[in-house]
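Peer 1: For the first sequence, numbering that gives the first Met the number 0 begins at 0 and goes up steadily by one.
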Amino acid sequence: MDYDFRAIENKWRKFWAENKTFKVTEDQSKPKFYVLDMFPYPSGAGLHVGHPLGYIASDIYARYKRLQGFNVLHPMGYDSFGLPAEQYAIQTGQHPAITTEQNIARYRDQMDKIGFSFDWDREVRTSSPNYYKWTQWIFIQLFNSWYNPKTNKAEDIQTLVETFEKQGSQGVNLDMLTGDIEKDLIPFTADEWNNFNEKKKLEILMNFRLAYLGESYVNWCAALGTVLANDEVVNGVSERGGHPVERKLMKQWSMRITAYSQRLLDGLNEIDWSESIKETQRNWIGRSEGASINFPLWKGTEVEDSENVTPLNLPSRGEIEVFTTRPDTVFGVSFVTLAPEHELVSKITTPEQKSEVEAYVEKAKNRSERERQADVNTISGVFTGSYVEHPFTKEPIPIWVGDYVLVGYGTGAVMAVPAHDERDFKFANHFEIPIRQVISPTNESHDMEKAAWTEKEGTLINSDFLIGLSVKQAIPRAIEEIAKNGFGKGRVNYRLRDAVFGRQRYWGEPIPIYYQEETPFALEESELPLNLPEVDKYLPTEDGEPPLARANNWKYNAEFEYELSTMPGWAGSSWYFLRYLDPNNDSEFVGKDKVDYWKNVDLYIGGSEHATGHLLYARFWTKFLFDRGYIPFDEPFKKMINQGMILGRSSFVYLVIGENKFVTYSLKDSYVCAPIHVDISMVDSDKLDIEAFRKWRLEYANAEFVCEEDGTYLCGYEVEKMSKSKYNVQTPDELVEKFGADTLRMYEMFLGPLEQTKPWDTKGINGVYNFLRKLWRLFHDADGNVVLTENEPLKESLKTLHKTIKRMTDDLDRFSFNTGVSNFMICVNELTDQKCNNKLILRDLVIMLSPYAPHISEELWVRLGNDAGTISQAKFPAFNEAFLVESAFDYPVSFNGKMRFKVNLSLSMTSKEIEDYILTLDESHKWLEGKSPKKVIIVPGKIVNVVV
RNA sequence: GCUCGAGUGGUGGAAUUGGUAGACACGCCGGACUUAAAAUCCUGUGGGCAUCUGCCCGUGCGGGUUCAAGUCCCGCCUCGAGUACCA
Numbered sequence: 000m001d002y003d004f005r006a007i008e009n010k011w012r013k014f015w016a017e018n019k020t021f022k023v024t025e026d027q028s029k030p031k032f033y034v035l036d037m038f039p040y041p042s043g044a045g046l047h048v049g050h051p052l053g054y055i056a057s058d059i060y061a062r063y064k065r066l067q068g069f070n071v072l073h074p075m076g077y078d079s080f081g082l083p084a085e086q087y088a089i090q091t092g093q094h095p096a097i098t099t100e101q102n103i104a105r106y107r108d109q110m111d112k113i114g115f116s117f118d119w120d121r122e123v124r125t126s127s128p129n130y131y132k133w134t135q136w137i138f139i140q141l142f143n144s145w146y147n148p149k150t151n152k153a154e155d156i157q158t159l160v161e162t163f164e165k166q167g168s169q170g171v172n173l174d175m176l177t178g179d180i181e182k183d184l185i186p187f188t189a190d191e192w193n194n195f196n197e198k199k200k201l202e203i204l205m206n207f208r209l210a211y212l213g214e215s216y217v218n219w220c221a222a223l224g225t226v227l228a229n230d231e232v233v234n235g236v237s238e239r240g241g242h243p244v245e246r247k248l249m250k251q252w253s254m255r256i257t258a259y260s261q262r263l264l265d266g267l268n269e270i271d272w273s274e275s276i277k278e279t280q281r282n283w284i285g286r287s288e289g290a291s292i293n294f295p296l297w298k299g300t301e302v303e304d305s306e307n308v309t310p311l312n313l314p315s316r317g318e319i320e321v322f323t324t325r326p327d328t329v330f331g332v333s334f335v336t337l338a339p340e341h342e343l344v345s346k347i348t349t350p351e352q353k354s355e356v357e358a359y360v361e362k363a364k365n366r367s368e369r370e371r372q373a374d375v376n377t378i379s380g381v382f383t384g385s386y387v388e389h390p391f392t393k394e395p396i397p398i399w400v401g402d403y404v405l406v407g408y409g410t411g412a413v414m415a416v417p418a419h420d421e422r423d424f425k426f427a428n429h430f431e432i433p434i435r436q437v438i439s440p441t442n443e444s445h446d447m448e449k450a451a452w453t454e455k456e457g458t459l460i461n462s463d464f465l466i467g468l469s470v471k472q473a474i475p476r477a478i479e480e481i482a483k484n485g486f487g488k489g490r491v492n493y494r495l496r497d498a499v500f501g502r503q504r505y506w507g508e509p510i511p512i513y514y515q516e517e518t519p520f521a522l523e524e525s526e527l528p529l530n531l532p533e534v535d536k537y538l539p540t541e542d543g544e545p546p547l548a549r550a551n552n553w554k555y556n557a558e559f560e561y562e563l564s565t566m567p568g569w570a571g572s573s574w575y576f577l578r579y580l581d582p583n584n585d586s587e588f589v590g591k592d593k594v595d596y597w598k599n600v601d602l603y604i605g606g607s608e609h610a611t612g613h614l615l616y617a618r619f620w621t622k623f624l625f626d627r628g629y630i631p632f633d634e635p636f637k638k639m640i641n642q643g644m645i646l647g648r649s650s651f652v653y654l655v656i657g658e659n660k661f662v663t664y665s666l667k668d669s670y671v672c673a674p675i676h677v678d679i680s681m682v683d684s685d686k687l688d689i690e691a692f693r694k695w696r697l698e699y700a701n702a703e704f705v706c707e708e709d710g711t712y713l714c715g716y717e718v719e720k721m722s723k724s725k726y727n728v729q730t731p732d733e734l735v736e737k738f739g740a741d742t743l744r745m746y747e748m749f750l751g752p753l754e755q756t757k758p759w760d761t762k763g764i765n766g767v768y769n770f771l772r773k774l775w776r777l778f779h780d781a782d783g784n785v786v787l788t789e790n791e792p793l794k795e796s797l798k799t800l801h802k803t804i805k806r807m808t809d810d811l812d813r814f815s816f817n818t819g820v821s822n823f824m825i826c827v828n829e830l831t832d833q834k835c836n837n838k839l840i841l842r843d844l845v846i847m848l849s850p851y852a853p854h855i856s857e858e859l860w861v862r863l864g865n866d867a868g869t870i871s872q873a874k875f876p877a878f879n880e881a882f883l884v885e886s887a888f889d890y891p892v893s894f895n896g897k898m899r900f901k902v903n904l905s906l907s908m909t910s911k912e913i914e915d916y917i918l919t920l921d922e923s924h925k926w927l928e929g930k931s932p933k934k935v936i937i938v939p940g941k942i943v944n945v946v947v
C-alpha cells in the first residue's frame with residue numbers, strides 16, 4: 000500500500016467544509032493575526048499554476064501562525080466587477096453577472112482542490128449589492144468631506160460651510176490646498192457667501208469635496224468608450240487591451256487623492272513593504288521642492304479676452320506663473336515656455352505669430368500621447384511674439400510654446416534656463432536663443448558650449464545678490480528674495496494627479512448621485528444600494544451616453560436623472576480587506592467591535608503590478624476612513640510580500656517551410672523552418688507525443704517527422720508569459736490529479752524564492768512527490784497500518800528534530816518558504832536513516848509539516864492517536880536549544896580590534912552553559928581580558944558567535 | 001537616461017550576523033532488484049592534479065578592507081524590473 004493522496008485529500012476537504020474548521024471569530028483570549036491575499040478577478044480562463052503561488056505561501060503562513068497560538072483571519076473573495084466580463088457580454092449578450100458567477104464557481108473549485116484554509120464564511124464579491132452598497136456609502140462619505148489643511152485631515156464638509164459662513168474664503172488657506180481647485184469662484188467674504196444662492200454654494204463646495212465632479216484633462220480611450228485613470232494607461236495605451244488613449248477635457252467624477260500626497264508619502268516610512276514598491280509609489284507621488292515665480296507680462300502686452308473666459312479664470316491676472324526646482328538659476332532665464340494647452344497661449348500671441356502658433360497648437364493636440372512620447376528627441380516649438388518681464392532684471396523675456404512642457408505638471412509653464420537644464424539647452428540651441436550661464440561648474444573640464452551644467456553644485460555667477468553662493472545656499476536665498484518682493488513663493492509640487500473615478504461602462508458600481516437642475520446630490524444611506532439596472536445592450540447609446548442610459552425608467556424618485564457612469568475597478572478593491580472583518584453587516588460597512596479587534600492586515604501577499612493602482616488607492620481610502628473616525632488605523636497593510644510571476648515554458652515543433660515535414664530540435668538549423676507552438680500537455684521532457692500532435696492539429700495529420708537518432712522527436716522551448724494562445728498554460732488541477740495537492744503546494748514553494756520571477760517547470764516535481772511518499776512509509780507498514788514506538792526517542796533523533804524546528808521557524812519568520820521545504824526534507828531523510836518511528840518525534844514532525852502539506856499531516860495527526868481534533872489546534876513545537884550544538888573542536892576563529900570571535904563547540908548545552916564554557920576556554924586563551932560575553936549567538940550545528 | 005534588484009555547478013537554487021561555498025532537489029554516471037523495461041533502493045557527481053584519510057583553483061570582471069569575503073567598500077561588465085520630456 001502506498002501514499003494514497005486522493006483518499007486523504009478527499010476526506011479532509013470534506014471534513015474541513017462540514018466542520019467549518021477554519022471559521023474564526025473575535026476570540027479576545029488570543030492575539031489576532033490577519034493574513035490576506037490579493038483577491039482575484041475571476042476570469043474565464045480559470046487559475047493557472049501562477050495564481051496559487053501567493054495563496055499557498057499565505058496559507059502556509061496562516062497555518063504556521065495558528066500553530067503558534069494566534070487567532071488567524073485568512074479570508075478570500077472575488078474582485079468581480081471588471082472589463083473582461085463586460086466585453087464578453089457585449090459580444091454575446093450574456094449578462095456579465097452570469098459569466099462572473101460561472102467563473103467564480105470554477106475558481107472556487109480549483110482553490111478547494113488545493114486545500115486552502117480560508118474562512119469561506121467571510122467571502123466577499125465586489126459585484127454583489129450587499130457589498131457595493133458600502134462602496135457607494137464610502138463614496139458618499141468622500142463626497143461629503145473636504146480636506147482641511149489646518150488640521151491636516153479630512154473633515155465633514157459642514158465644517159467648511161461653517162468656516163465660509165463666519166470668515167468667507169479667507170478662512171481657508173488655499174495655498175495649502177493641493178489638487179485642482181478652481182480659483183475663479185474665489186475670493187468671497189462671509190457676507191457674500193451667506194447671500195449666494197444654494198446652487199452657487201454647492202458649486203463652490205464641489206471644489207473642495209474629496210469626491211468631486213470637475214472638468215479636467217482625462218485619458219479618453221475611444222475603443223473602450225471610457226476614461227481611464229493614469230495608472231490604467233501604460234505607454235500611452237490602455238492597460239487592458241492596449242488601445243490608443245488621448246487627452247480630452249471632460250467633466251468627470253474624480254477623487255481628490257492629491258490632498259493626501261504628503262501623507263501617502265510619509266506613511267511609506269511606517270510600513271514594511273519592499274523597497275522597490277515603496278520607491279515606485281514615491282516616484283508616482285513625485286514630490287519636488289522649489290518655488291513658483293510669477294513673470295508679469297511685458298508692459299503693453301494685450302491679453303485677448305474671449306467672452307467664455309473671465310479674466311479671473313487666468314492663473315493670475317497678467318502674469319505667467321512657473322514652477323521651478325531651481326530658483327537659484329533665476330538670473331539665467333532666457334525664455335519662458337508654455338505648454339500648448341496652456342490657457343494663456345491663445346490670449347497673448349501677437350497677430351503676426353497667430354497663424355504659426357495656432358498651427359503648432361493644433362498639431363500638438365492631434366498628436367496622441369503615444370506619438371508625443373515616441374519622439375522625445377525631436378525639438379519643436381514656436382515663438383508667441385510676446386514677452387514677460389524678468390522680475391529681478393526687468394528685462395523682456397520671450398514667451399515660447401513647446402510640447403516638451405506638460406500641461407498637467409506644475410503650472411504648465413516653465414522658466415527656461417538653457418545653461419543649466421538639458422531640455423532648455425537643446426531648445427535654445429535649436430531656435431538660437433541666447434544662453435546665460437549663472438553657475439560656474441565644479442568640474443573644470445565641463446564644456447558649457449556643448450552641454451548644460453545640470454548638477455546641483457557649483458558657484459553662482461552673473462546673479463546679483465546670489466553671486467558667490469553655492470547652489471545649495473542659493474536655492475533658499477533665492478526663494479527668500481522672491482517671496483520678499485512678492486514675485487512668488489517657495490512651493491512643493493507633486494506629480495500625483497487626482498484620480499478620475501467615473502467610467503462610461505456597465506459592469507461596475509453605479510455612482511450614488513442624482514441631478515437636480517444639473518446640480519449633483521448624493522443619495523441618503525437609507526437609499527442604498529443603488530442597484531445596477533438591467534439594460535438591453537451593454538454598449539453606449541447612439542448619442543454616446545454610457546450604457547446605463549439604456550435602463551428603463553431609471554430615475555431618482557421617478558423624476559431626477561441618476562449619474563450614468565459607474566465606478567472604476569479599483570473602487571471595490573480599495574476597502575475589501577475591511578469587509579472581510581464583518582462581511583454580512585447590513586447596518587455598517589464594518590462593525591466597530593470587529594475592526595477594533597482585527598485591525599489592519601498583518602501580512603499581505605500579492606503581485607507588485609498594483610503598486611501605483613490598488614495599493615495607492617487602498618492607502619488613500621484607509622487614511623480617509625481613519626480621518627473620519629471609522630477605523631483605528633491609517634495604513635491598510637503592515638507588511639507586504641510580492642510574489643514573482645510564474646512564466647510558462649512553451650514548446651515548439653519546427654515545420655520545414657513549404658513542406659509537410661517537422662524536424663527535431665537538433666536538426667532545425669539545417670533546414671529553413673518555422674517554430675510552431677505545441678500544447679505542452681503533449682510534451683514530456685521535451686519529447687513530443689507525435690500521435691497526440693497529429694490528432695490535435697489535423698492539418699498536420701499526415702506530416703512527416705524527422706526524429707533524433709533514438710527515434711524520438713525533441714521539441715525546442717522558450718520561456719514566455721503563461722497564456723492560452725501560447726499553449727503553455729499549466730493548470731493546478733492536472734497536477735493535483737496526478738500528484739496530489741500536497742505535492743503541488745510543496746513543489747510551488749520549492750521552485751525558488753517566492754518573490755522571484757521564475758519559469759514553470761515540472762521536472763523536479765517527482766522529488767517532492769517522492770519525499771512525501773518516503774515520509775508516509777516512515778510510519779506505515781506495507782499494509783498501510785501505522786507503526787509507531789512509544790519508547791524514549793534517540794538523542795540523535797531529538798537533535799534532528801530540534802535542529803529542524805529551529806531552522807523552519809527561522810525560515811518561516813523570514814518568509815523563506817523554499818528553504819523551509821528543503822529543511823523539512825533534510826529532517827525526514829535523517830530520520831529515515833535513523834529508522835526513527837517514535838511517536839513523540841513524529842507528532843512534532845507532523846505539526847511542522849502542516850503548513851506545507853495540510854492533507855497528509857492532518858491524516859497522520861489523527862492516525863497518531865489524536866483523532867479528537869485537527870492539527871490546527873496543536874501548537875508549533877517549542878525549539879529546545881539544548882540540542883543544538885554538534886561536534887567537535889574549539890579554536891578562536893576570529894579575533895580583531897572589535898573583540899568579536901567565534902568558537903565551535905562540541906557539546907549539547909544551553910546558552911548559559913556555552914557562556915560558562917567560553918569563560919573556561921578564556922582561561923587558557925585570554926581573549927576576553929576578564930570581560931564576560933555580552934551575547935552568545937547560536938547557529939545550529941555550526942559555529943557559536945560570541946560578542947564581547 | 002534615471003531608480004531599484006540580480007549575477008554561485010549541467011539545471012532550479014542553499015549558505016541566517018563576514019566564519020567549512022555548492023545544502024536540498026532535478027539531471028547525469030555506476031550498481032542492486034528484474035527474462036526485460038518501468039518503478040524502487042544504494043553509491044558517486046564544481047574544476048584540476050593525485051600515490052584517492054592529500055593538494056591546488058573556484059561564487060560576472062578588476063582592485064581594496066579583514067585572521068577570514070558569495071556576503072562589506074571602490075571601480076567596471078552583463079541581465080532583469082520599474083519609470084521616463086516632471087521643469
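Even glycine gets a Cβ: it sits at the ideal position worked out from N, Cα and C. On a predicted model such as this, the values are computed, not experimentally measured, just so you know.
1) Could you work out which residue in 52, 71, 49, 16 is closest to residue 580 when comparing CA atoms only?
2) Assign residue 246 to one of three DSSP states: helix, strand, or coil.
3) Out of curiosity, what's the CA-to-CA distance linking residue 1005 and residue 844?
4) For residue 87 versus residue 98, is the C-beta spacing smaller than 7 Å?
5) Can you tell me whether DSSP reads residue 8 as helix, strand or coil?
6) For residue 156, which of 77, 428, 129, 145 has the nearest alpha-carbon?
7) So residue 553 and residue 95 are supposed to be a Cβ contact under 8 Å. How far apart are they, rounded?
8) Applying the 10 Å Cβ sphere with the 16-neighbour rule, what's the burial state of residue 605?
9) Consult DSSP for residue 419 and reduce its assignment to one of helix, strand or coil.
10) Determine the contact status of residue 777 and residue 831, defining contact as a CB-CB distance below 7 Å.
11) Of the residues 164, 217, 172, which one's Cα is nearest the Cα of residue 149?
12) Based on DSSP bridge pairs, tell me the residues matched to residue 650.
13) Just mark residue 257 as buried or exposed, buried being the case when its beta carbon has 16 or more other beta carbons within 10 Å.
14) For the putative contact between residue 48 and residue 731, defined by C-beta atoms under 8 Å, what is the C-beta separation to the nearest angstrom?
15) Determine contact between the region 552 to 571 and the region 488 to 501, defined as no fewer than three beta-carbon pairs at a distance below 8 Å.
16) Can you grab the Cα-Cα spacing for the pair residue 750 / residue 819, in whole Å?
17) Is DSSP giving residue 208 helix, strand or coil here?
18) Quick one: residues in its chain with C-beta nearer than 7 Å to the C-beta of residue 532, no 5 flanking neighbours on either side, listed in chain order?
19) Could you have a look at residue 387 and say whether DSSP puts it in helix, strand or coil?
20) Could you pull out every residue in the same chain whose Cβ sits closer than 7 Å to the Cβ of residue 17, ignoring the five residues on either side in sequence?
21) Whose C-alpha, out of 863, 792, 802, is nearest the C-alpha of residue 834?
22) How big is the Cα-Cα spacing for residue 764 and residue 743?
23) Out of 616, 846, 129, state which residue places its alpha-carbon closest to the alpha-carbon of residue 861.
24) For the beta strand (DSSP E) containing residue 145, list its first residue and its last residue.
25) For the region 617 to 650, which segments carrying the beta strand (DSSP E) assignment without a break, of at least 3 residues, lie completely within its bounds, in sequence order?
26) How many Å lie between residue 360 and residue 292 at the Cα?
27) When the Cα atoms are used, what is the spatial distance from residue 121 to residue 32?
28) Residue 328 to residue 273, Cα distance in whole Å?
29) Kindly list the residues whose CB is nearer than 8 Å to the CB of residue 190, restricted to its own chain and excluding five residues on each side of it in sequence; keep chain order.
30) DSSP state of residue 572, grouped into three classes?
Peer 2: Quick look at the numbers:
1) Selected option, being the one with the closest Cα: 71.
2) If DSSP states are grouped into helix, strand and coil, residue 246 belongs with the strands.
3) Since the first residue of the chain shown is 0 and the last is 947, residue 1005 is not available in this structure.
4) Going by C-beta atoms, residue 87 is nearer than 7 Å to residue 98.
5) DSSP places residue 8 within a helical segment (H, G or I) once states are collapsed to three.
6) Residue 156 has its Cα closest to that of 145, out of 77, 428, 129, 145.
7) Rounded to whole angstroms, the Cβ separation of residue 553 and residue 95 is 17 Å, and the two are not in contact under 8 Å.
8) So residue 605 counts as buried.
9) Residue 419 falls in the helix class under three-state DSSP.
10) Closer than 7 Å, so yes.
11) Comparing Cα positions, the closest option is 172.
12) DSSP output for residue 650 lists 677, 716 as bridge partner(s).
13) The C-beta of residue 257 has 16 or more other C-beta atoms within 10 Å across all chains shown, which makes the residue buried.
14) Indeed, because the Cβ distance is near 5 Å, the residues count as touching under 8 Å.
15) Taking 8 Å as the limit for Cβ pairs, the verdict is that the region 488 to 501 does touch the region 552 to 571.
16) Rounded to the nearest angstrom, the two C-alpha atoms are 12 Å apart.
17) DSSP, read as helix, strand or coil, puts residue 208 in strand.
18) Closer than 7 Å at Cβ, skipping near neighbours: 547, 550, 553.
19) Correct three-state label for residue 387: strand.
20) Same-chain partners within the cutoff: there are none.
21) For residue 834, the closest alpha carbon among the candidates 863, 792, 802 is that of 792.
22) Each residue's alpha carbon lies about 8 Å from the other.
23) The shortest Cα separation from residue 861 among 616, 846, 129 belongs to 846.
24) Start and end: 144 to 147.
25) If we require 3 residues or more, the beta strand (DSSP E) runs fully inside the region 617 to 650 come out as 636 to 641.
26) A straight line joining the alpha-carbon of residue 360 with that of residue 292 spans about 25 Å.
27) Cα to Cα, residue 121 sits roughly 16 Å from residue 32.
28) When rounded, the distance between both Cα atoms is 37 Å.
29) Non-local C-beta neighbours of residue 190 in its own chain, meaning closer than 8 Å and more than five positions away in sequence, comprise 167, ordered along the chain.
30) Judged by DSSP in its simplified three-state form, residue 572 adopts helix.
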